[in-house]
Amino acid sequence: MTRVVALPGDGIGPEIMPAALEVLGAMVSVDVEEHLFGGASIDAYGTALTDEVLAGAAKADAVLLAAVGGPKWDTTDAAKPRPEQGLLGLRKGLGLFANLRPVRALPALHSASPLREERIAGTDLLVVRELTGGIYFGAKTRTATSASDLCAYSTEEVERIARVAFAAARTRVTSVDKANVLETSRLWREVVTRVQAEEFPAVELEHVLVDNAAMQLVSRPSRFDVILTENMFGDILSDEAAMITGSIGMLPSASLGAGGPGVFEPVHGSAPDITGQGIANPLAMFLSVGLLLRHGLHLEAEARAVESAVDRALAGGLRTHDLGGDATTAQATAAVLAQL
Ligand code: NAD
Ligand code: IPM
Ligand code: MN
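As numbered in our numbering, residues 306 to 645 make up the sequence shown, in order.
So, in structure tokens, the structure goes:
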């Protein structure tokens with residue numbers, strides 16, 4: 306039996322996880338093991354990720370995660386546990402260095418995007434974000450009057466994420482860096498250039514500075530195929546790219562490593578401002594189930610079925626509040642299940 310570890314987490318997480326498990330259960334028969342994670346785990350055990358949850362995740366076929374964090378646990382005191390440490394610990398602990406964030410401008414949602422339809426039409430891009438290195442994981446220091454976060458990358462870390470990006474590309478990889486300022490970006494640019502020349506000569510490669518890339522994501526998003534970038538740039542650019550789809554509530558992600566279980570989760574957070582109202586958009590979560598089926602369980606037809614059910618529900622007029630409508634989480638779930 307296929308084993309899936311489900312981590313609802315905090316905020317809207319527990320509101321969208323049951324709906325996602327329904328969608329998953331409609332496609333494949335799975336054993337689900339649910340655990341507290343993030344802030345909920347801090348409240349119960351004093352830590353965002355227990356050894357037991359990490360071990361359970363490592364033994365699963367895939368991990369489905371909703372979101373962590375919230376004002377209850379927000380603190381600037383480094384000695385206090387934070388929900389986000391659970392997420393970073395899980396990614397690092399499972400070796401999930403490759404984060405895939407597909408961004409499609411669905412015709413049904415063109416009018417929901419704040420960007421003009423003629424700009425976003427045809428956009429179908431993939432952000433390949435390095436997930437276990439860079440400034441997120443470098444040494445941190447803090448005194449009363451100063452602080453620092455080290456940003457470091459090794460050749461090997463850049464090579465392996467570059468290979469993921471080139472393998473996923475249809476035509477072109479746009480490598481995004483800040484090589485005019487950062488030493489890590491200059492190493493990044495050299496290594497990506499070499500990997501392309503030696504291993505992927507048929508894929509076009511361009512280098513774009515991150516500030517320019519942020520601008521082009523809203524001015525000419527449809528020109529992008531694969532965007533390859535480091536951890537923090539990828540975090541920021543993917544939230545920006547979400548607005549091409551109409552809402553951050555639409556963007557799924559897959560975090561993969563060297564063959565073990567992947568983590569599948571929406572790009573958005575725990576949305577404390579709408580928690581408890583039953584109005585969270587569950588579609589990013591459903592599309593993450595799609596990625597779990599595709600990359601985690603290698604069930605391509607089932608993955609497509611989920612994606613197409615989401616597309617058809619939207620084409621049929623489904624709109625949650627973030628997309629300008631008034632469908633509740635339960636109504637959105639029913640609309641997608643009806644299409645399955
Ligand atoms: P957020 O993504 O939670 O919310 C940003 C805005 O988008 C809010 O207005 C929210 O209501 C809206 N939104 C997000 N998801 C939505 C959905 N599914 N349906 C409808 N609207 C949605 O970002 P934030 O407010 O900056 O962060 C809140 C908390 O979430 C923080 O503690 C942060 O660290 C955490 N966070 C967690 C993850 C994760 O678990 N992967 C990702 C991002 C942020
Ligand atoms: C994301 C989130 C996380 C990140 C936070 C919550 C640690 O923003 O998954 O995009 O920065 O990676
Ligand atoms: Mn983010």
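We treat Cβ as the ideally placed atom computed from N, Cα and C, and that holds for glycine. Given the structure is predicted, the values throughout are model-derived calculations rather than measurements.
Counting the other CB atoms within 10 Å of its CB gives P566 a total of 16 or more, which places it among the buried residues. Under the three-state reduction of DSSP output, G567 falls in the strand class. Judged by DSSP in its simplified three-state form, P313 adopts strand.
Note: H512 is bridge-paired with S480 in the DSSP secondary-structure output. Taking the CA atoms as reference points, S346 sits about 45 Å from E509.
Within the chosen limit of 6 Å, the ligand NAD does not reach the beta carbon of S490 with any heavy atom. Here the alpha carbons of V500 and A467 stand approximately 7 Å from one another.
Counting every other CB atom within 10 Å of its CB across the protein chains shown gives G595 a total of 16 or more, marking it as buried.
According to the DSSP secondary-structure assignment, L369 is paired through a beta bridge with A311, F569.
Around V496, the same chain offers T460, V463, E464, A467 as residues with beta carbons nearer than 8 Å, after the five sequence neighbours per side are excluded. A contact is defined here as three or more CB-CB pairs under 8 Å, and the region 576-593 meets this definition with respect to the region 617-635. For S453, the enclosing beta strand (DSSP E) covers residues 452-454.
For L326, the enclosing alpha helix (DSSP H) covers residues 318-332. Beta-bridge analysis with DSSP links P587 to no other residue. With respect to S480, L399 sits apart: the two C-beta atoms are not nearer than 7 Å. Excluding five sequence positions before and after L619, the CB atoms of its chain that fall closer than 7 Å to its own CB belong to L411, A413, L414, given in chain order. Of R447, A325, A547, the smallest CA-CA separation from P419 is found for A547.
When the five nearest sequence neighbours on each side are left out, the beta carbons in the same chain lying within less than 7 Å of the beta carbon of V337 are those of V309, A311, L326, in order along the chain. Straight through space, the alpha carbons of I541 and V641 are spaced by roughly 29 Å.
Put simply, the region 350-365 touches the region 384-396. At least three CB pairs are less than 8 Å apart. For L370, the closest C-alpha among the options G314, D382, H603, M537 is that of G314.
The beta-carbon distance between A473 and L522, rounded to whole angstroms, is 18 Å. This is too long to meet the 8 Å contact definition.
Taking a 10 Å sphere around the C-beta of T450, we find fewer than 16 other C-beta atoms and assign the residue as exposed.
Between the region 567-576 and the region 547-556, the count of C-beta pairs closer than 8 Å reaches three or more; the two stretches touch. Between the alpha carbons of A610 and G361 lies a distance of about 28 Å. Distance from the CA atom of G621 to the CA atom of A365, rounded to whole angstroms, is 36 Å.
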